[in-house]
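With the working numbering, the residue at position 10 of the sequence shown is 52, and numbering never jumps. In this text, a Cβ means the ideal position worked out from N, Cα and C, and glycines have one as well. Keep in mind that this is a model prediction, so the values were computed, not measured. Report on one structure; see the data block that follows.
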Amino acid sequence: MNREAIHVSEEKLIEQKAYMAKVKETLTSNKTYHIVTLGCQMNVRDSETLSGMLEEMGFTAANTREEADLILYNTCCVRENAENKALGNVIWLKELKKDKPELIIAVGGCMMQEEGMADKLIRQYPFIDLIFGTHNAYRFPEYLYRVLSDRQQFAEVFNIDGEIAEGLPVKRQSPYFGFVNVMYGCNNFCSYCIVPYVRGRERSRSVEDVLDECKRLRDQGVQEIMLLGQNVNSYMGGGANFAELLYRVNALEIPRIRFMTSHPKDLSDELIYAYKELEHLMPNLHLPVQAGNNEILEKMNRRYSRERYLELVMKLRAVCPDIGLTSDIIVGFPGETLAQFEDTMSLVKEVRYDAAYTFIYSPRQGTKAALMPDPFTIQEKTERIQRLIDLQQAISYETLLSLVGNTEEVLVDSVSLRNENAVGGKTRRGHMVNFEGNMNLIGKTVSVKITSAGKNTLRGELI
Ligand code: SAH
Ligand code: SF4
Ligand code: F3S
Numbered sequence: 043m044n045r046e047a048i049h050v051s052e053e054k055l056i057e058q059k060a061y062m063a064k065v066k067e068t069l070t071s072n073k074t075y076h077i078v079t080l081g082c083q084m085n086v087r088d089s090e091t092l093s094g095m096l097e098e099m100g101f102t103a104a105n106t107r108e109e110a111d112l113i114l115y116n117t118c119c120v121r122e123n124a125e126n127k128a129l130g131n132v133i134w135l136k137e138l139k140k141d142k143p144e145l146i147i148a149v150g151g152c153m154m155q156e157e158g159m160a161d162k163l164i165r166q167y168p169f170i171d172l173i174f175g176t177h178n179a180y181r182f183p184e185y186l187y188r189v190l191s192d193r194q195q196f197a198e199v200f201n202i203d204g205e206i207a208e209g210l211p212v213k214r215q216s217p218y219f220g221f222v223n224v225m226y227g228c229n230n231f232c233s234y235c236i237v238p239y240v241r242g243r244e245r246s247r248s249v250e251d252v253l254d255e256c257k258r259l260r261d262q263g264v265q266e267i268m269l270l271g272q273n274v275n276s277y278m279g280g281g282a283n284f285a286e287l288l289y290r291v292n293a294l295e296i297p298r299i300r301f302m303t304s305h306p307k308d309l310s311d312e313l314i315y316a317y318k319e320l321e322h323l324m325p326n327l328h329l330p331v332q333a334g335n336n337e338i339l340e341k342m343n344r345r346y347s348r349e350r351y352l353e354l355v356m357k358l359r360a361v362c363p364d365i366g367l368t369s370d371i372i373v374g375f376p377g378e379t380l381a382q383f384e385d386t387m388s389l390v391k392e393v394r395y396d397a398a399y400t401f402i403y404s405p406r407q408g409t410k411a412a413l414m415p416d417p418f419t420i421q422e423k424t425e426r427i428q429r430l431i432d433l434q435q436a437i438s439y440e441t442l443l444s445l446v447g448n449t450e451e452v453l454v455d456s457v458s459l460r461n462e463n464a465v466g467g468k469t470r471r472g473h474m475v476n477f478e479g480n481m482n483l484i485g486k487t488v489s490v491k492i493t494s495a496g497k498n499t500l501r502g503e504l505i
């Protein structure tokens, strides 16, 4: 059950604001920062708050790490390679600091919440100035003040679930697109996953706080919002469930609403029906299946069957025939046989996702699956995932081809790096379209006739 969220008290927030002012006073010259964000959208959103706090403290953004006076790593530990990437980067920073002893290195994020990880970094990497976790990120100004005043390594990680801090400064990545957290943490304990251990139990923001943030974004001209949570559809904020929250957000008239991630076990009929009813809810849904075989789904503790998942897909397509579905899939869960993997292949053929993010299972210490016998070799798993990637690419391409000739509503979000007369944007369903146009179109919604399909993107003409 989703527990009532506890908020960081007003006094504690005022205290942090005071630290922001103190840091600003301490800075004698122009100082710059660079944040490297690893992992999922939750981390991207957290980095927006950390950037906001840094700017409030007088820092300005630097485009590269080499130019920055402060480098912050916001880490992820969902798979071993995410962790290795963070560690590899941090070791590289040691060299950078040799030439630039004044450089401040800070490391935060999910990896710091892993048992023993902060202690390991303290012992092995004394050149890191500041270590903090996800639950105490709102205290970053205080920690930074200490580091600047004492010039000593400082580390603090909380093992209790984070309280929700409202009203912190934010520096958004884009003026047209906004991430809005609706809940934090996860209660599902899928047997392979470390997220519940590092992000704590589910806690939802209040409906009012979510709506206030959305309204502010709308008033600033944001065209698309993404409601975020590890498991958004188990949202329960002050009596409203996620479907009810969506209806309220839809009424704000922000042109485009998306959300992620949904767990299939919590996908209610009410939420499915919202795809028919809500004009601003975009026809696309990330609904990770993870595996297509019932025994594996059970061992993963996903709490739905292949049949139930396919039934949800059918219901979604019945209310919204052009809905684009995307998925996460794990290959090589401990003991997954070739025949069980073939069930994933057949499910992918049946669902026909727009895209699927595929991962080779990575054992995470402390999770149940890490203790399960795993007789299959990495070569076998690599061959399987390659087959899955090839299958999904073929399906994605066929889907894109089927859209040629359509006229699509595109929200323009980028200009091509290679050609300043080419812009790109997303269709309502979430496909990327490139077409001729100038950068004045960025942030606008236009009609584009689709003329051809590439492997992952569409090409079109402005009409
Ligand atoms: N809360 C979201 C996503 C969490 S992590 C959800 O439930 O879907 C994103 C994806 O990483 C997961 O969907 C899963 O496919 C993958 N993942 C998580 N733990 C993993 C592990 N130990 N090995 C490989 N992939 C993993
Ligand atoms: Fe991990 Fe499962 Fe929670 Fe997603 S729902 S974060 S995969 S435990
Ligand atoms: Fe990684 Fe943390 Fe997200 S572990 S996937 S950054 S919640």
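N-terminal and C-terminal residue of the beta strand (DSSP E) that residue i is part of
i	result
Gly466	464-468
Asn476	474-478
Arg501	500-504
Leu126	For the record, residue 126 in the displayed sequence is Asn; it is not Leu. Careful: Asn126 lies outside any beta strand (DSSP E), inside the alpha helix (DSSP H) at 122-141.
Gly151	146-151
For residue i: DSSP bridge partner residues
i	result
Met225	Ser246
Met197	For the sequence presented, residue 197 should be read as Ala rather than Met. Paired residues: Ile173.
Tyr75	Ala103, Leu112
Met268	Phe221, Arg300
Ser456	Gly466
Val373	Ile402
Leu327	Leu367
Met278	Asn283
Glu451	Ser489
Thr117	Gly151
Ile206	His49
Ala397	Thr368
Gln262	Paired residues: none, contrary to the question.
Gln332	Ile371
Option nearest residue i by Cα separation, candidates the options
i	options	result
Leu445	Leu389, Val393, Val490, Leu186	Val490
Val212	Leu287, Leu253, Arg359, Glu97	Glu97
Gly485	Ile202, Ile296, Ser71, Ala179	Ile296
Pro183	Tyr403, Lys497, Ser93	Ser93
Tyr277	Glu266, His305, Arg107, Cys232	His305
Gln58	Met99, Leu259, Ser71, Tyr399	Met99
Gly279	Thr303, Val249, Ile299, Tyr439	Val249
Leu288	Ser347, Gln265, Tyr315	Tyr315
Ile371	Leu442, Ile338, Ala148	Ile338
Asn292	Ser310, Gln265, Leu443	Gln265
Glu67	Val78, Leu190, Gly158	Leu190
Pro363	Lys318, Glu125, Phe375	Lys318
Phe101	Arg394, Leu138, Ile146	Ile146
Arg359	Thr106, Phe231, Tyr395	Tyr395
Leu210	Met62, Met481, Asn116, Asn480	Met62
Lys64	Tyr185, Tyr75, Asp111, Glu478	Tyr185
Glu425	Ala60, Ile402, Leu313	Ile402
Expected contact under 8 Å - CB spacing of residue i and residue j to nearest Å
i	j	result
Asp308	Asn275	4 Å
Thr487	Glu451	6 Å
Ala207	Val50	4 Å
Arg348	Leu389	6 Å
Asn223	Gly271	7 Å
Glu244	Met268	Going by Cβ atoms, the distance from Glu244 to Met268 rounds to 19 Å, so no, they are not a contact pair.
Gly263	Pro217	6 Å
Asn335	Gln382	4 Å
Gly150	Gly204	The pair is not a contact, with the Cβ atoms about 12 Å apart (cut-off 8 Å).
Arg298	Leu453	6 Å
Asn463	Arg501	So it is not a contact: roughly 14 Å between Cβ atoms.
Residue range of the alpha helix (DSSP H) that includes residue i
i	result
Ser233	No alpha helix (DSSP H) holds Ser233; DSSP gives it neither H nor E.
Thr493	No alpha helix (DSSP H) holds Thr493; the beta strand (DSSP E) holding it covers 487-495.
Ile164	159-166
Arg345	Segment: none, Arg345 is in no alpha helix (DSSP H) and carries neither H nor E.
Arg585	Examination of residue 585 is not possible in this model, given that the chain is present from 43 through 505 alone.
Glu422	420-444
Ile314	311-319
Val86	83-98
Leu339	336-341
Arg241	237-241
| request: Under 6 Å from any heavy atom of ligand 2, by CB: list those residues in chain order, please. | output: Cys228, Asn230, Phe231, Cys232, Cys235, Val237, Pro238, Gln272, Asn273, His305
| request: Output the residues surrounding ligand 3, defined as those with a CB atom closer than 6 Å to any ligand heavy atom, in chain order. | output: Gly81, Cys82, Met84, Asn85, Cys118, Cys119, Val120, Cys152, Val237, Val240, Arg241
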